[in-house]
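Enquirer:
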Amino acid sequence: MQKRSLLFSPVQKRSGFTLLELLIVLAIILVIAGMVVPNLIGSQKTANERIAFTLVKEMEKAAGNYATDHDGEYFKGNGTEAWQAMINPPAYKGRKLRPYLEEVPIDPWGNPLQYEWNGDGHSKKQNALKPAIWSTGSDGQGDGTNSGGIALNNWTPAASNAGN
């Protein structure tokens, strides 16, 4: 007489997962993704705004360095011509000047930063003492603030950027 082992049942062992088990795992993954993705998108937007504001402040320093080497006078002009003057500065009073920038500053959305100075101010703020420098934001059409009012410029008081 043959002895039956209690360890093995006459039913065949199954291999793999059932469809129900796979659907449950997929549902769990989708729920987790649904909770995480919105937070990542919001974080990316905030990070881009912070980068843009920091870049504006750095370009303000470059413009200040240009003014220091030019007897306190900022470059008079707009946009690309200003950045080109800081990338390839001509000799000034017989002195060869080092570049203030390596390339045209690009904001996190791929747009060049804007610059404006006419010698006695700019159009963004009355009685300005320094050039206006700003990012046009994610749509490339902005005037230095985002849709939430966060400053992406150098003429808005720093207190309005407390969230940045």
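Throughout the sequence shown, residue numbering follows the numbering used here, covering 85 to 248 in sequence.
No residue lacks a Cβ here, since even glycine has one placed at the ideal position from N, Cα and C.
Note that the structure is predicted; figures quoted are calculated from it, not measured.
Quick test of the definition: if touching needs 3 or more C-beta pairs under 8 Å, does the segment 215 to 223 touch the segment 167 to 185?
Expert: The segment 215 to 223, when compared against the segment 167 to 185, does not touch it at the 8 Å Cβ threshold.
Enquirer: Can you name, in chain order, every residue of its own chain whose Cβ lies under 7 Å from the Cβ of P122, other than the five neighbours on each side?
Expert: Closer than 7 Å at the Cβ level, and outside the excluded window around P122, lies no residue.
Enquirer: Pairs of beta-carbons, one from the segment 114 to 133 and one from the segment 165 to 180, closer than 8 Å: are there three or more?
Expert: No, they do not touch.
Enquirer: Buried or exposed, going by whether 16 or more other CB atoms sit within 10 Å of the CB of I108?
Expert: Exposed is the call here.
Enquirer: Is it the case that the CB of A131 approaches a heavy atom of the ligand COA more closely than 7 Å?
Expert: The model on display carries no ligand, and the ligand COA is accordingly not part of it.
Enquirer: Could you round the C-beta distance between A237 and T229 to whole angstroms and report it? I think they count as a contact, below 8 Å.
Expert: Sequence inspection shows Asn at residue 237; the Ala mentioned does not correspond to that position. Yes, N237 and T229 are in contact; Cβ-Cβ is about 7 Å, under 8 Å.
Enquirer: Going by Cα to Cα distance, which pick from D204, Q210, E200 is closest to V140?
Expert: V140 has its Cα closest to that of E200, out of D204, Q210, E200.
Enquirer: Can you list, in chain order, the residues of its chain whose CB lies under 8 Å from that of K209, leaving out five sequence neighbours each side?
Expert: Excluding residues within five positions, the ones whose Cβ falls inside 8 Å are A216, W239.
Enquirer: Compute the Euclidean distance between the alpha carbons of T102 and A111, then round it to the nearest angstrom.
Expert: Each residue's Cα considered, the two are about 14 Å apart.
Enquirer: Taking only the alpha-carbon atoms, compute the straight-line gap between P196 and G224 and give it to the nearest angstrom.
Expert: Their backbone Cα atoms lie some 9 Å apart in a straight line.
Enquirer: Give the DSSP bridge partners of K209, in chain order.
Expert: Its beta-bridge partners are H206.
Enquirer: May I have the straight-line CA-CA distance separating E144 from M119, to the nearest angstrom?
Expert: When rounded, the distance between both Cα atoms is 39 Å.
Enquirer: Cα separation between D204 and T164?
Expert: Their Cα atoms are separated by approximately 20 Å.
Enquirer: When the distance is taken between beta carbons, is F159 closer than 8 Å to A147?
Expert: For A147 and F159, yes; Cβs fall inside 8 Å.
Enquirer: What residue range does the beta strand (DSSP E) around I217 cover?
Expert: Per DSSP, I217 belongs to the beta strand (DSSP E) from 216 to 218.
Enquirer: Could you check where the beta strand (DSSP E) with Q198 kicks off and where it finishes?
Expert: Element bounds for Q198: 198 to 201.
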